[in-house]
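Here is the structure we will look at, set down as structure tokens.
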Amino acid sequence: QMWEEAIALGKELAEQYENEMFDYEQLSELLRKQAQFYENIVKVIRPKPDYFAVGYYGQGFPTFIRNKVFIYRGKEYERREDFEARLLTQFPNAEKMKTTSPPGEDIKTSSGQYIQCFTVKPKLDLPPKFHKPVSEQIVSFYRVNEVQRFEYSRPVRKGEKNPDNEFANMWIERTIYVTAYKLPGILRWFEVKSVFMVEISPLENAIETMQLTNDKINNMIQQHLNDPNLPINPLSMLLNGIVDPAVMGGFTNYEKAFFTEKYMHEHPEDHDKIEKLKDLIAWQIPFLAEGIRIHGEKVTEALRPFHERMEACFKQLKEKVEKQYGVRTVPPSLDERRGSRPRSMVRSFTMPSSSRPLSVASVSSVSSDSTPSRPGSDGFVLEPLLPKKMHSRSQDKLDKDDLDKDKKEKKKEKRNSKHQEIFDKEFKSTDISLQQSEAVILSETISPLRPQRPKSQVINVMASERRFSVSPSPPSAQVTPPPITPRTKLSFSLQANLELNGLSGSELADVPPPLPLKGSTADYGNLLESQDVGSPATSPPAQPRVSPRP
1 QMWEEAIALG KELAEQYENE MFDYEQLSEL LRKQAQFYEN IVKVIRPKPD
51 YFAVGYYGQG FPTFIRNKVF IYRGKEYERR EDFEARLLTQ FPNAEKMKTT
101 SPPGEDIKTS SGQYIQCFTV KPKLDLPPKF HKPVSEQIVS FYRVNEVQRF
151 EYSRPVRKGE KNPDNEFANM WIERTIYVTA YKLPGILRWF EVKSVFMVEI
201 SPLENAIETM QLTNDKINNM IQQHLNDPNL PINPLSMLLN GIVDPAVMGG
251 FTNYEKAFFT EKYMHEHPED HDKIEKLKDL IAWQIPFLAE GIRIHGEKVT
301 EALRPFHERM EACFKQLKEK VEKQYGVRTV PPSLDERRGS RPRSMVRSFT
351 MPSSSRPLSV ASVSSVSSDS TPSRPGSDGF VLEPLLPKKM HSRSQDKLDK
401 DDLDKDKKEK KKEKRNSKHQ EIFDKEFKST DISLQQSEAV ILSETISPLR
451 PQRPKSQVIN VMASERRFSV SPSPPSAQVT PPPITPRTKL SFSLQANLEL
501 NGLSGSELAD VPPPLPLKGS TADYGNLLES QDVGSPATSP PAQPRVSPRP
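Take the sequence shown: its position 141, counting from 1, is numbered 141 in the UniProt record's numbering, and each next residue is one higher.
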């Protein structure tokens, strides 16, 4: 669970994958693992192992451990008694020492084996990158990992004993142990290279104790704000032990020991330290208020009387402290953590069904004045042609379409009834009012200004093609749009009595005779657009006529 170390190694690998091997697949997998590690750091609560100082004294031990002290890292949730039992199994003839003070020369030079074991506290050494306050969930890793300094505190009484207040003359003798390497490392234990001792006065001890208490309250509040499912019992014990004077005495003992005229007169150099202690006492109130608020939200009905009593005690404590030491407000960082963690803002690009385009072809045809997409082409949805798109580029495409006729006919055969169903649906929803004279147009290969054709040929085309288009001719009440059917392969039967765009021969006037019959597909690219197709006339019989190639 040392995810911080895994992230450091992962960054080294990422550099190789990205800039040396260019293996982006491995890089993506590695980055996903790193993301999971960061999430674990914030959300997973890791156990904090204890550290033990072990001294091997006596000439009976091997030379590499004789008369030396080592710092051991215990297993998860391992108590000191269990660790001692595990240690003594390796040295069954060793004798356990009863004291924690350094032994004399008589024990060090004896021929026996003496083991001294006691718990030490790792000293936090944050990396330089944490130059500003960070979450306790992040800092908690460095409280028991990457540590090289350990301390052991032993209370020592100086001066005459005060039965009313034991804090007045309780000094702390603190021993600092520095190991050869940081723990944990390649081993779970390292030798102590240096030892030094410091003495802490009763007032300094009170300041340190009050600071640790405030930090503990604040850390537990942050844990409950981040995870509402945490059990409430540890919070109940912590708050009750502070606000209820019958449990621990609170800071009343500090007031009796250091906030007196006698102490101020005897120790004038401690004025600044006393002010600092008063400030810490005042700061404890907003932390307690926030903790009791969270406790009230999560308390069960069975513990409701306990919570009400705790609120009553806190009310009295708050009035007393604010009157004597002033009012403090909760830090902004604590207020900001009250709300739940903001969710990532995901922007949706999905359009509602009412505003979605009907088809791909309709978007391209409406947004552009160029040649409309061919109805029925592969990848597009069938859609009725708009009137203004009728005459665009049809003649320019004749030659190209003639060359690709075989390919087009194969594609036409692959279209299925699904196109027709979509066409029916979209055609009904279109607001375009089709003229009554709408008739068949062969938009791929046929110009809208073609000469006349035999009526039987157009009827055959209408029966096989059944496609709609907007005709430029005037409305005709006699001609109605044929029913819509799936498009099939084009076929032409060249016969007499031609008809163009649903207009009979009686409706055309002054129209040149049709082109002669030819074995291959005719080319109509050079027909003049000045031909008049507006007046009705009877078509003359077909005359041989040859049009030059463009």
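C-beta: ideal position from N, C-alpha, C; glycine also.
Since we're looking at a predicted model, the values are computed, not measured.
- Residue 141 places its beta carbon less than 7 Å from that of residue 4.
- Exclusion of the five residues before and after residue 278 leaves 325 as the residues of its chain whose Cβ lies within less than 6 Å of its Cβ.
- Along the stretch 96-159, the beta strand (DSSP E) occurs as fully enclosed runs of 3 or more residues at 114-122, 147-157, listed in sequence order.
- In this structure, 116 is the residue among 116, 74, 27, 515 with its C-alpha nearest to the C-alpha of residue 68.
- Counting only residues of its own chain and dropping the five nearest sequence neighbours on each side, residue 65 has a CB closer than 8 Å to the CB of 56.
- With 16 or more neighbouring CB atoms inside 10 Å of its own CB, residue 515 falls in the buried class.
- Listed in chain order, the non-local C-beta contacts of residue 219 below 7 Å within the same chain comprise 136, local neighbours out to five positions each way being set aside.
- Contact annotation: residue 212 and residue 273 have beta-carbon atoms that are not nearer than 7 Å.
- For residue 197 and residue 176, the gap between their C-alpha atoms comes out near 6 Å.
- Considering only 147, 201, 139, the residue with the shortest C-alpha distance to residue 155 is 201.
- Under DSSP, residue 73 shares a beta bridge with 51.
- When the beta-carbon positions are compared, residue 282 and residue 328 come within less than 7 Å of each other.
- By the neighbour-count criterion, in which a residue is buried when 16 or more other Cβ atoms sit within 10 angstroms of its Cβ, residue 77 is exposed.
- Judged by DSSP in its simplified three-state form, residue 2 adopts coil rather than helix or strand.
- Scanning the stretch 269-304 from its first residue to its last, the whole alpha helix (DSSP H) runs of 4-plus residues come out as 271-298.
- Boundaries for residue 161: no alpha helix (DSSP H) harbours it, and the DSSP string shows neither H nor E there.
- The three-state secondary structure of residue 180, taken from DSSP, is strand.
- Three or more Cβ pairs closer than 8 Å define a contact, and the stretch 306-323 falls short of that threshold against the stretch 255-275.
- Taking a cut-off of 8 Å on C-beta distances, the stretch 104-113 does not touch the stretch 3-22, as fewer than three cross pairs fall below it.
- By the Cβ rule, the stretch 225-238 does not count as touching the stretch 156-172, because fewer than three pairs are nearer than 8 Å.
- For residue 199, the enclosing beta strand (DSSP E) starts and ends at 189-200.
- The alpha carbon of residue 244 has as its nearest neighbour, out of 146, 316, 83, 161, the alpha carbon of 316.
- Here the alpha carbon of residue 181 sits roughly 37 Å from the alpha carbon of residue 24.
- DSSP places residue 237 in the uninterrupted alpha helix (DSSP H) bounded by 233-243.
- DSSP places residue 35 in the uninterrupted alpha helix (DSSP H) bounded by 24-43.
- Here DSSP, grouped into helix, strand and coil, assigns residue 172 to strand.
- Within a 10 Å sphere around the beta-carbon of residue 45 sit fewer than 16 other beta-carbons, which makes this residue exposed.
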